[in-house]
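Engineer: Sequential numbering of the sequence shown, starting at 654, is according to our numbering. One structure coming up, written as structure tokens, with questions to follow.
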Amino acid sequence: MEIFKLKENGTNVKREVIAGITTFMTMAYILAVNPDILSAAGMDKNGVFTATVLSSIVATVAMALLANYPFALAPGMGLNAYFAYSVVLGMGYSWQWALAAVFVEGLIFIALTLCNVREALFNAIPKCMKYSVSAGIGLFIAFVGFKGAGIIVTDESTYITLGDMLRPQAILCMVGVFIIAALMKKQVKGAVLIGILATYFLGIIAELIGWYQVGVDGYSLIPSFAGGFSFLSGLDQVAFQLPSINTLFDSPSSVINFMIVIFSFLFVDLFDTLGTLMGVATKAGFLDSKGELPRIKQAFLADAIGTTVGALLGTSTVTTFVESSAGVAEGGRTGLASIVTAICFALAIFFSPVFLAIPSFATAPALIIVGVLMLDSIVKVDFSDITEALPAFVTLVMMPFAYSISEGIIFGGITYVAVKVLTGKYKKVSALMYILAILFVIKLILSSPSFKMI
């Protein structure tokens, strides 16, 4: 285990194993969600499941060996929806065409990483935003947890509102939150993982006694092995299906659209990854005295490799998962935790019925608790200085409000530059932050529905 430097990082094998399993349990939902979303684009569901597993293994192992961080990677939420609903169903292109865009995006990311561009971007983000990104991600994933359990639902008049608190999912979720909180107070190791499993087993009991009703409340929580075990099922239907260059660029509009799609994938992935790394790294205490993340180049390279390999295997953009914070909260500090997470993904190939049976309301308590734990970094922001407090606040609240980590960084970055310039503190803003702010504004303009109507 010398490769992971456990003693140097103040951890041990047991803690890393628990952290790795916990991270997997909180992000295992992607194994069910990603195939559902990409199948809407006409892709084989079994094939996408296998591609999701394999790309997650490759990227997560790369993170462990290259960067030695407890961060796990998988096809990103939001990016898969953009792939299926905007590019394929909206623009009318084939899923093979969309995969080609993801593949090119991955190659560009590798080039940007090797040229230290992504590292420079990370270091250019001011400390007040780095601290608020961590807290903002906490609010974001807690919100995801509340939505996953049906405690918070969408509403046309109030946008979001309280759901039906008498539904089994909502009650079981809150029971899980209380279990984890009680175990953490008693300093029980693996409290988050125990909470997830306890909530899941309580759900099974609820189904057996008829309280949780399949078909009314959701799907069965009891794993079914009727289809047997699967290995690389359907992969040949989605892997290595990139179209020829002639097919990609059959018209001038195709060339323009291809570049737009690549830029969209690139932009969202870049700042989602930046935000996730900043937030989780801050929580884990990885940032140095300058607020910089050691070995960030290697972390970015693992992300880029994951995206490139994922496109070849047949899935949308692979990115670092914010759910890695659950493993960090359990004490994960090295790449060994990531190796354990990758092993869990490998097992999922053979035991997909078990892993896919764990519902979102069982993982929601972990997201909510981790959200609470990530809020502590916000106290490091100097709220007596409005030029530091306002950008931090905007970054913090825009993540859950816009349901996007990258949008939080975009609005926070623009606000930071604007208030520094207007208060005469423009010399404290790096040249790269000025460039980023301009790009952020351009991105907001180009993505605005009003602009598209002009």
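Each residue gets a CB set at the ideal place from its N, CA and C atoms; glycine is no exception.
In this structure, how does DSSP classify Y738 when only helix, strand and coil are distinguished?
Structural biologist: Three-state result, Y738: helix.
Engineer: Rounding to the nearest angstrom, what Cα-Cα distance links V806 and V1074 in this structure?
Structural biologist: In a straight line, the C-alpha of V806 is about 40 Å away from that of V1074.
Engineer: Under a three-way DSSP split, which group does Y872 fall into?
Structural biologist: Coil.
Engineer: Let's test the definition: count the other Cβ atoms within 10 Å of the Cβ of D1126 and tell me whether it reaches 16, buried, or not, exposed.
Structural biologist: Coverage of the chain is limited to positions 654 through 1107, which leaves residue 1126 absent and any answer about it impossible.
Engineer: Roughly how many whole angstroms lie between the Cα atoms of L726 and I849?
Structural biologist: Distance between the alpha carbons of L726 and I849: 20 Å.
Engineer: Within its chain, find whatever has a CB closer than 6 Å to the CB of G789; leave out the 5 residues flanking it on each side and keep chain order.
Structural biologist: Result list for G789: T1048, L1049, M1052, G1061, in chain order.
Engineer: Here's the rule: buried if 16 or more other CB atoms are within 10 angstroms of the residue's CB, otherwise exposed. What is N687?
Structural biologist: Under this definition N687 is a buried residue.
Engineer: Rounded to whole angstroms, what's the CA-CA distance from T1109 to T994? Just pull it up for me.
Structural biologist: Any question about residue 1109 goes unanswered here, given that the chain covers just 654 to 1107.
Engineer: Based on the DSSP secondary-structure assignment, which residues constitute the bridge partners of Y812?
Structural biologist: DSSP lists D808 as partners of Y812.
Engineer: Taking DSSP as the reference, what is the three-state secondary structure of P728?
Structural biologist: The answer is strand: DSSP assigns P728 an E or B state.
Engineer: Assign T972 to one of three DSSP states: helix, strand, or coil.
Structural biologist: T972: strand per DSSP, three-state reduction.
Engineer: Give the DSSP bridge partners of V867, in chain order.
Structural biologist: Paired residues: G871.
Engineer: What span of residues does the alpha helix (DSSP H) with E1060 cover, start to end?
Structural biologist: 1058 to 1075 is the extent of the alpha helix (DSSP H) around E1060.
Engineer: Restricting to Cα atoms, I'd like to know which of T970, C826, G791 is closest to A802.
Structural biologist: Taking only the C-alpha atoms, the option nearest A802 is C826.
Engineer: Which value, in whole angstroms, describes the spacing of the CA atoms of A979 and A934?
Structural biologist: Cα to Cα, A979 sits roughly 12 Å from A934.
Engineer: Only counting runs of 3 or more residues, tell me where the beta strand (DSSP E) segments fall wholly within the region 885 to 933, in order along the chain.
Structural biologist: Complete beta strand (DSSP E) runs here, min 3: none at all.
Engineer: Per DSSP, what kind of secondary structure is I862 in: helix, strand or coil?
Structural biologist: DSSP places I862 in coil when its eight states are reduced to three.
Engineer: Report yes if the C-beta distance between V1034 and S785 is below 8 Å; otherwise report no.
Structural biologist: For V1034 and S785, yes; Cβs fall inside 8 Å.
Engineer: Do V1072 and L1043 have their CB atoms nearer than 8 Å?
Structural biologist: It is a contact, given that the beta carbons lie within the stated cut-off.
Engineer: Does F1004 come out as helix, strand or coil in the three-state DSSP assignment?
Structural biologist: It is coil, neither helix nor strand.
Engineer: Can you find the residues in the same chain that come closer than 6 Å, C-beta to C-beta, to R948, ignoring five residues on each side of it along the sequence?
Structural biologist: Only A720 meet the Cβ criterion.
Engineer: With a threshold of 7 Å on Cβ separation, who are the neighbours of G944 within its own chain once the five nearest residues in sequence on each side are excluded?
Structural biologist: Cβ neighbours of G944 beyond the five flanking positions: K780, K783.
Engineer: Looking only at C-alpha atoms, which of V914, I674, G1024, A773 sits nearest to L1085?
Structural biologist: Residue A773 is the option with its Cα nearest to L1085.
Engineer: Is it true that the CB of I1063 sits closer than 8 Å to the CB of K1096?
Structural biologist: Yes, the Cβ-Cβ distance between K1096 and I1063 is below 8 Å.
Engineer: Assign C826 to one of three DSSP states: helix, strand, or coil.
Structural biologist: Here C826 sits in helix by DSSP.
Engineer: Our contact map puts T766 next to K950 with C-beta atoms below 8 Å; I'd like the distance itself, whole angstroms only.
Structural biologist: The pair is a contact, with the Cβ atoms about 6 Å apart (cut-off 8 Å).
Engineer: In the DSSP assignment, the alpha helix (DSSP H) including N721 goes from what residue to what residue?
Structural biologist: Segment: none, N721 is in no alpha helix (DSSP H) and carries neither H nor E.
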